[in-house]
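The next block holds one structure in the form of structure tokens; read it before the comments.
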Amino acid sequence: MIRKIALAVIAILLCIGLFVFPWMKAVLTVALAKGIVVLGIMLLLRAGQVSLGHGMFVAVSAYAVAFGNEWLGTNEMLLQIPFAVVVSGVVGLVIGLFVARYRYIFFAMLNLAFSMVFFSFLQKSYRLTGGSDGVSVQTPTIAGLSLEAGTYNWVLFFLALALCVGCVLLAFRFFRSAMGQALSALKTNEVRVAYIGISPWRTMVVIYTLSAMLAGLGGSLLAYTTGHVTPELSYWTRSGEYVFIAILGGTTGILGPFMGAMVFEFIRTYASAWLTNAWQLTLGTILLVIILFAQSGIWGLFAPPPPKAKTPEEKRYDVPAAAGD
Amino acid sequence: MDLQLFTLVLLDAVSYAALVFLVAVGLSLIFGVMRVLNVAHGAFYAIGAYTTATFVIWLEGQGASPWLSFPLLLLSAVIVGLVLGPLVEFGLLRRIYEKEEILQLLVTFALFMILEDVQKLVWGVRSYFADTPLQLLGSVEVAGVFYTRYQAMLLPAVAIIVLVGLRFFLRRTLPGKILTVVTEDREMAMALGINAQRVFLLTFTLGTMLAALGGALAAPTSSVSTGIAGEMIVLSFAVAASAGLGQIEGAALTALLIGFGRSLAVYMAPELDAVVPYLIMTAILLFRPQGMFGLPQARRV
Amino acid sequence: MTSPLLQAIDVHIHFDGLIAADGVTLDVFPEEFLAIVGPNGAGKTTFLNICTGYLKPDKGTVIFAGNDISRKTPRERTQLGIARSFQHPQLFIEQDLMTNILLSIGARDGFWNPLRRLDRPAAVDEAHALLNLFQIDQHADAIIHNLPEGVRKLADIALALALKPRLLMMDEPTSGVSATEKTQVMDILINALQEQSVAAVFIEHDMDVVTRYAHRVAVWNQGKIQICDTPDVVMNDADVRANVIGME
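Residue numbers (the numbering used here), protein chains in the order written: chain L, 4 to 328; chain F, 29 to 329; chain P, 3 to 250.
Spelled out as structure tokens, the structure:
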């Protein structure tokens with residue numbers, strides 16, 4: 004009961020803060036956008052896999068937005084966002100077809116490798132992508148309207164909020180479907196999954212593509228909020244950040260990624276302001292504390308999962324080396 | 029390509045590979061024995077570099093023989109290794125050995141983040157130049173090309189000494205053999221009564237020292253500033269993973285491969301020079317996820 | 003003479019010098035219950051692994067319902083109608099028993115629809131019916147890793163049966179079940195199989211179970227099938243009595 008009250012109080016404070024402090028909009032919008040990306044990470048985590056390269060899809064979508072006007076021929080946000088999501092989905096599918104064959108550290112490493120290839124490509128192709136300077140994002144029209152800065156920021160925030168709510172609702176439905184429940188099955192006994200007639204590889208490809216699309220959705224919002232896209236979006240530390248936020252927020256509940264993202268963004272923004280060279284120190288320490296003492300993350304503090312019974316080592320059939328199945 | 033260009037490419041490759049190998053081998057060793065992917069390894073490299081720079085600059089202010097910068101270089105690596113290694117292993121890693129791999133990874137990632145800021149707090153954000161050792165050794169001419177002796181000869185020499193030394197240590201000495209056994213079959217090793225705690229402490233300290241040595245040796249070759257930790261960890265990871273995590277000799281080969289690929293790109297396709305290491309890593313991992321020299325995962329029925 | 007449902011033809015496999023199957027030919031007919039007996043380590047589980055696709059033989063063919071499935075993956079074979087249970091129950095240990103069964107049902111029936119609930123009423127009813135059949139329905143909401151081995155064993159078989167296969171291959175279905183319960187469990191199982199017209203192959207060590215429930219028994223010895231006939235014939239075979247049953 005206390006937890007629910009605490010949650011409600013925090014939500015109310017946030018709402019008040021939004022109206023009182025103008026800068027909070029940007030922080031919250033970024034947090035919501037990152038939360039969507041981390042929701043994608045959570046999908047993979049539920050299936051027992053970590054991607055150390057999802058920054059790549061955030062970058063793909065962000066650059067797609069930045070070049071949106073050129074490539075799509077329109078500067079309309081409501082068209083650019085779906086476009087960016089589709090682009091990152093396609094890239095995700097293509098890469099997924101390869102990486103879905105691998106598991107655990109190999110999966111993580113391949114994702115990292117791909118994202119670093121993309122990062123270095125972005126950094127170096129000055130003529131194509133502006134190199135390390137990046138590309139600025141033209142303010143788009145929203146539903147055909149050209150909005151002035153203040154209104155634009157509000158609309159962007161509410162759009163992000165709406166998209167978050169939409170993603171959360173879809174996620175709820177997804178996790179109740181056969182595929183959603185199969186994620187945990189994949190994690191605990193992949194061989195058995197094959198033995199009930201489900202293709203682990205195909206399932207992973209689908210999950211991976213979905214996670215890439217979520218990263219793309221978040222990426223497009225990030226592009227609009229920051230107004231500028233750089234290769235750094237695909238750098239390994241960014242990908243690490245998303246995994247960080249996933250564990251910080253906790254993966255036992257769908258709101259975990261968003262809570263983690265909010266804590267992350269707040270600390271990053273304000274530690275940056277007050278102790279310029281200590282935000283990483285602060286966040287790093289918090290993550291350590293969470294991992295050592297509160298493994299279910301922030302969400303776990305509000306809605307603790309049932310305790311796991313201690314069981315003897317399950318004797319399991321091992322995962323086949325490269326299941327193209 | 030003429031001989032001069034080729035020599036340049038070769039020398040660049042070898043000096044680059046030597047440094048990356050030093051960091052990668054420590055990373056590989058730690059993973060092989062402890063099954064922990066130490067993201068903070070890059071930070072140890074950076075701290076080794078910063079410490080060396082500090083010592084060398086201090087030395088310059090003392091007016092003593094500049095040749096002392098060499099032992100100082102070695103000393104800074106040893107100090108960093110002996111201080112940070114046990115501190116991190118005992119203080120932090122010990123608590124996480126039982127945890128899931130991803131949590132272990134995030135712990136080292138958190139440590140990396142913390143140490144990034146520690147670097148900034150201790151040394152600030154300015155660049156440090158400490159090229160005394162480099163200058164002292166002068167230049168050498170190879171096939172019409174002038175190259176610093178430090179990079180063309182000292183760096184590869186140290187790398188080779190470390191490689192040979194590690195090989196000897198792992199195959200011929202008792203502690204080394206124990207390390208090898210723990211790498212190959214941890215359960216069996218423990219069943220034989222091997223004290224895993226001590227093995228881990230030793231391994232981690234050794235690995236940290238190697239990373240710091242890489243940093244110490246790198247300091248004179250270019251400026252030391254923020255961001256080198258992040259760059260080096262992902263590069264050394266590419267080298268280690270391409271060889272197969274835990275493969276020591278293999279890491280030397282992939283370091284040369286990646287060094288060579290990058291050097292070629294520098295002179296022939298400059299837009300790709302940063303991309304090449306990761307392209308090579310991706311290509312290798314796609315065909316052999318266990319690395320070029322890694323053992324394929326055995327299936328248990 | 004009906005045609006066999008499953009045919010293993012001249013199957014050979016070896017592991018580093020150990021010959022686990024040395025030219026094994028075996029037929030399984032629709033709706034029959036075939037027991038495979040033999041000493042431990044003789045290669046019986048390996049044979050099951052080959053039939054279900056987990057291992058590929060060095061030589062030989064496996065044919066199911068007239069189709070050559072030798073190259074097919076476990077997943078493909080499952081979709082063709084072969085289901086399997088394991089010596090050590092293979093379940094999804096972080097989820098509850100009901101969800102495990104539902105996953106099997108869902109896999110059979112509309113897996114790729116992300117908007118359709120796994121626990122839709124028809125599926126839940128079917129799952130309860132199945133769990134009731136095995137008398138483990140009271141554990142439906144328990145997480146697998148909290149359940150005792152005996153229940154997990156039955157759950158493993160139930161999971162396979164939920165797929166509505168044509169052939170069920172079981173690896174020691176009654177091991178881990180107490181002697182007093184074995185008959186009860188086998189009665190339930192055989193009843194369920196007969197109701198659904200499922201053929202079954204089971205590896206078994208308990209000769210009483212074999213004699214009571216199997217239509218035919220294949221005696222496996224050192225990589226070969228020594229004899230395959232009705233329990234009466236097999237049990238009275240002098241060689242079998244000396245070499246195989248004596249060890250049981």
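Positions of the beta carbon are idealized from the N, C-alpha and C atoms, including for glycine.
Are the C-beta of residue i and some C-beta of chain L separated by less than 8 Å?
i                      : result
residue 59 of chain P  : no
residue 287 of chain F : no
residue 245 of chain P : no
residue 82 of chain F  : no
residue 6 of chain F   : Given a span of 29 to 329 for chain F in the structure shown, any question on residue 6 of chain F remains unanswerable.
residue 317 of chain F : yes
Could you work out which residues of chain F lie near residue i, taking near to mean beta carbons separated by less than 8 Å?
i                      : result
residue 280 of chain L : 145, 148, 149, 153
residue 240 of chain L : 258
residue 283 of chain L : 141, 142, 144, 145
On a CA-only basis, which of the options is nearest residue i? Give me that one, please.
i                      : options                  : result
residue 62 of chain P  : P:200, P:12, P:128       : P:12
residue 117 of chain P : L:177, L:240, L:40       : L:177
residue 14 of chain P  : P:5, P:58, P:84          : P:58
residue 51 of chain L  : L:271, L:232, L:187      : L:187
residue 307 of chain L : L:255, L:272, L:275      : L:255
residue 216 of chain L : L:132, L:155, L:62       : L:62
residue 74 of chain F  : F:282, F:306, F:155      : F:155
residue 331 of chain F : F:268, F:71, F:162       : Here chain F has residues from 29 to 329 only, and residue 331 of chain F is not among them.
residue 146 of chain P : P:244, P:93, P:176, P:86 : P:93
residue 172 of chain F : F:95, F:319, F:31        : F:31
residue 140 of chain L : L:249, L:71, L:88, L:185 : L:71
Is it the case that the Cβ atoms of residue i and residue j are separated by a distance below 8 Å?
i                      : j                      : result
residue 101 of chain F : residue 191 of chain F : no
residue 68 of chain F  : residue 183 of chain F : no
residue 61 of chain F  : residue 211 of chain F : yes
residue 135 of chain P : residue 84 of chain P  : no
residue 97 of chain F  : residue 160 of chain F : yes
residue 7 of chain P   : residue 88 of chain P  : no
residue 201 of chain P : residue 168 of chain P : yes
residue 197 of chain L : residue 76 of chain P  : yes
List the residues of chain P that residue i touches, going by C-beta distances under 8 Å, in chain order.
i                      : result
residue 250 of chain L : Residues of chain P passing the Cβ test: none, with the nearest at roughly 18 Å.
residue 194 of chain L : 56, 76, 92
Using a Cβ-Cβ distance under 8 Å, would residue i count as near chain P?
i                      : result
residue 200 of chain L : yes
residue 52 of chain L  : no
residue 184 of chain L : yes
residue 11 of chain L  : no
residue 191 of chain L : yes
residue 103 of chain L : no
According to DSSP, is residue i helix, strand or coil?
i                      : result
residue 217 of chain P : coil
residue 138 of chain L : strand
residue 9 of chain P   : strand
residue 176 of chain F : strand
residue 228 of chain P : strand
residue 51 of chain P  : helix
residue 201 of chain P : strand
residue 313 of chain L : Legend: pLDDT at residue 313 of chain L = 46, less than 50; position of this residue unreliable, value from coordinates given subsequently. Of the three classes helix, strand and coil, the one that applies to residue 313 of chain L here is coil, per DSSP.
residue 95 of chain P  : coil
residue 23 of chain L  : helix
residue 318 of chain L : With a pLDDT of only 47 at residue 318 of chain L, under the threshold of 50, the placement of this residue in the model should not be trusted, and no figure is reported.
residue 134 of chain P : helix
residue 77 of chain L  : coil
residue 223 of chain P : strand
residue 128 of chain F : coil
residue 87 of chain P  : strand
Taking residue i as the query, report the chain L residues whose CB atoms sit under 8 Å from its CB, ordered along the chain.
i                      : result
residue 222 of chain P : Result: empty, since nearest Cβ-Cβ is about 21 Å, beyond 8 Å.
residue 307 of chain F : 120
residue 72 of chain P  : Within 8 Å Cβ-Cβ: nothing; residue 72 of chain P doesn't reach chain L, min ~15 Å.
Looking at the C-beta of residue i, does it have a partner C-beta in chain F at a distance below 8 Å?
i                      : result
residue 287 of chain L : yes
residue 127 of chain L : yes
residue 316 of chain L : Unreliable positioning characterises residue 316 of chain L in this predicted model, as indicated by a pLDDT of 45, which lies under 50. The coordinate reading is nonetheless provided below. No - not a single Cβ of chain F is within 8 Å of the one on residue 316 of chain L.
residue 123 of chain L : yes
Just the chain L side, please: which residues come within less than 9 Å of residue i by C-beta, in chain order?
i                      : result
residue 109 of chain P : 181, 185, 196, 199, 200, 201
Along chain F, which residues have their Cβ under 7 Å away from the Cβ of residue i?
i                     : result
residue 46 of chain L : By Cβ distance, chain F contributes nothing, its closest Cβ being about 14 Å from residue 46 of chain L, past 7 Å.
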